[in-house]
Amino acid sequence: MIRPEVEGFPSFKYTLVKTERLLMRAPRKTDFKKWHDIRSANKEYLKPFEPEWSDNWNTRRVFSRRVNRQEKEWVNGLAYSFLLIEKGSQNIIGGININGINRGAAQFASLGYWISENMQGQGLMSEAMSAIIFFSFYILNLERLNAATLEKNEKSIQLLKSKGFEKEGFARQYVEIDGRRQDHILFGLNKTDYS
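According to this note's numbering, the residues represented by the sequence shown are 29 to 223, in order.
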């Protein structure tokens with residue numbers, strides 16, 4: 029189990045999750061240029077795996093609204109969005125989100141994630157996922173994490189399995205991805221099964 033260094037929680041502006049090669053923190057409005065550049069460079073690569081991008085997705089205004097929404101969700105304990113920043117270069121290389129947090133008797137959330145095509149195959153998303161699982165279970169005190177992935181996304185399936193997620197089902201036309209409703213494989217990880 030990776031035990032990341034966590035600083036500044038619960039502050040949106042100052043929470044920092046550190047691993048050997050990554051810094052993970054909430055997005056800031058000043059990240060626009062780096063975020064825009066990495067997302068633009070990966071648009072065609074990410075397109076088959078993400079909801080359709082709006083025509084104005086790459087504007088500073090839309091990014092600013094997104095950061096405002098993410099801060100509101102963070103402050104209210106509804107979701108936590110992190111940028112993945114490579115320690116050496118300080119470049120944004122991806123993102124990972126803890127979404128749809130349910131408290132009360134449920135105590136679960138869903139994970140979403142992406143990484144730049146040129147950063148794949150180095151174990152960076154695996155490192156980030158381990159840190160966020162720890163953060164979810166031992167900082168947020170959640171009891172369960174869910175994730176859904178397209179059948180064709182073999183890298184995502186392998187990542188989830190490597191982290192102990194188990195295939196728990198199949199959902200037809202589950203989420204609109206790349207402009208159409210698509211089937212997803214459903215995965216889950218319980219805190220009691222995580223070590």
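Virtual Cβ for every residue (Gly too), placed ideally from N, Cα, C.
Which residues DSSP lists as bridging residue i, in chain order
i, result
"A175", "F215"
"I120", "I113"
"A199", "H212"
Cβ-Cβ separation, residue j to residue i (assumed contact under 8 Å), whole Å
i, j, result
"N174", "F215", "7 Å"
"A137", "S164", "6 Å"
"L106", "I124", "At roughly 16 Å, the Cβ-Cβ gap does not stay under 8 Å, so L106 and I124 are not in contact."
Proximity to residue i [Cα-Cα], best of the options
i, options, result
"F40", "R31, M52, P32 and E33", "M52"
"Y222", "R172, Y202 and R49", "R172"
"S117", "T220, L188, H212 and R49", "R49"
"Y141", "R200, R131, Q150 and I126", "I126"
"D206", "S82, P76 and K195", "P76"
Assigned exposure category for residue i - 16 Cβ within 10 Å defines buried
i, result
"S184", "buried"
"Q98", "buried"
"T58", "exposed"
Rounded straight-line distance, which links the Cα of residue j to that of residue i
i, j, result
"K46", "G197", "33 Å"
"E80", "E114", "27 Å"
"I167", "V34", "9 Å"
"F37", "T43", "5 Å"
"A54", "Y108", "8 Å"
"S190", "D65", "30 Å"
"T87", "H212", "30 Å"
CB contact check: residue i to chain B, cutoff 8 Å
i, result
"F165", "Chain labels in this structure do not include chain B; a single protein chain is all it has."
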